[in-house]
Amino acid sequence: MTVPFVALGLDHRHIYGMTENMLRAGARCLGFWTDGTPQPLEGFQKRFPDLPRFSTLEEALGAGGELALVSAIPADRADLAVRAMDAGLDVMTDKPGCTDLTQLEKLKQAVARTGRIWSINFSERFEVPSVTLADQLISEGAIGRVVHTCGLGPHRLNRATRPDWFFQRTRYGGILTDIASHQIDQFLHFTGSDDAEVTMAHVANHANPDDPGLQDFGEIALRSPTGSGYIRVDWYTPDALPNWGDGRLTLLGTDGYIELRKYVDVAGRPGTDHLVLVNDTRCETIDARDAGLPYFERLLHDIRHRTETAMSQAHCFKVMELALTAQALAERT
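According to the numbering used here, the sequence shown holds residues 45 to 377 in order.
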């Protein structure tokens with residue numbers, strides 16, 4: 045039996061991929077609600093022309109859905125998620141799932157109170173086939189035990205298309221809370237860490253002095269009992285790059301390493317999802333575009349069977365806790 049869902053808040057274009065991937069996984073969209081006319085609304089309606097718009101949030105929450113997809117303004121996502129969980133819906137939210145520790149505590153209380161799932165779609169892992177293949181290779185022992193990750197998350201600013209909230213620190217949450225939550229997720233996942241220490245965090249505005257609320261550069265160092273990691277994020281992608289960012293992930297194992305060139309290979313190979321594998325017997329680049337995106341089907345399984353095959357709830361909470369901790373540390377120093 046298919047899982048019916050509703051989309052709540054269309055303030056970020058990530059709602060396109062969230063909706064499309066849930067439909068591909070076999071879920072059924074009942075419609076959407078959003079406040080006003082955010083920029084992504086037109087594109088959403090072009091992609092999904094048959095989906096009705098609910099006139100109120102209450103109507104959307106009462107439409108019979110079992111899952112809510114949330115991609116509102118980052119500072120508003122936690123409240124929407126809590127409303128949805130209190131209405132009996134599980135939640136898949138865009139990252140960041142919240143923008144301060146008070147919101148995170150309210151989300152934890154809502155999960156405990158309702159028994160609902162609160163899952164963050166970390167798209168730089170869950171919507172990237174090369175990460176799926178890296179997972180498989182590591183589980184097969186291809187590089188031994190992962191002891192270090194280096195995650196790079198450059199993005200293009202695209203100033204002309206950005207809404208006002210994008211430049212307001214209290215609304216988007218800071219660059220580490222926002223973008224670097226992806227790389228924190230990947231660090232915990234690939235090193236098998238339940239927790240970590242933020243040993244260094246830094247944010248800056250180097251290139252956009254007329255927008256003092258924007259942080260256009262950030263970095264984090266992490267350490268856990270099983271590994272360490274470095275994260276760098278920015279809004280500096282140059283115009284000549286053919287996509288929004290040269291996102292990369294290097295996984296250092298005790299018996300080899302894997303490098304993911306997720307979205308582009310500046311060395312000239314066409315397409316996306318280039319996986320470089322080096323160990324004692326192999327030194328090759330693999331086309332990983334067909335490796336699949338299992339998160340979405342797993343989430344549907346979890347909704348039906350109350351399991352944690354897509355991502356554990358503890359992991360989801362911990363990623364945001366560490367991102368918020370890093371953000372606070374960076375802004376104190």
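Backbone N, C-alpha and C fix where the C-beta goes; we use that ideal spot for every residue, glycine too.
Here the structure is a predicted model, which is why all the values come from computation and not from measurement.
- Beyond the five residues adjoining it in sequence on each side, L85 comes within less than 8 Å, by CB distance, of L54 and T78 in the same chain, given in chain order.
- Membership of A119 in the alpha helix (DSSP H) is indicated by the continuous run P118 to D130.
- Apart from the 5 residues on each side of it in sequence, Y339 sits with its Cβ closer than 6 Å to the Cβ of F170 and A354 in its chain, given in chain order.
- In the three-state reduction of the DSSP assignment, H318 falls in the strand class.
- Between D134 and L148, the C-beta spacing is not below 8 Å.
- For the 8 Å CB-CB criterion, M136 and L113 form a contact.
- For the set G217, G291 and V308, the Cα lying nearest the Cα of E365 is the one of G217.
- Around H246, the same chain offers E263 and A374 as residues with beta carbons nearer than 6 Å, after the five sequence neighbours per side are excluded.
- For the set C194, A107, Q230 and P118, the Cα lying nearest the Cα of V47 is the one of A107.
- Shown here, D144 sits in coil according to DSSP, grouped into three states, outside any helix or strand.
- CA-to-CA, the gap between R348 and R376 works out to about 43 Å.
- Secondary structure at H192: strand, using DSSP grouped into helix, strand and coil.
- A check of alpha carbon separations from V175 across A284, H359, A332 and R342 identifies A332 as the nearest.
- Scanning A154, K362 and L321 for the CA closest to the CA of L181 turns up L321.
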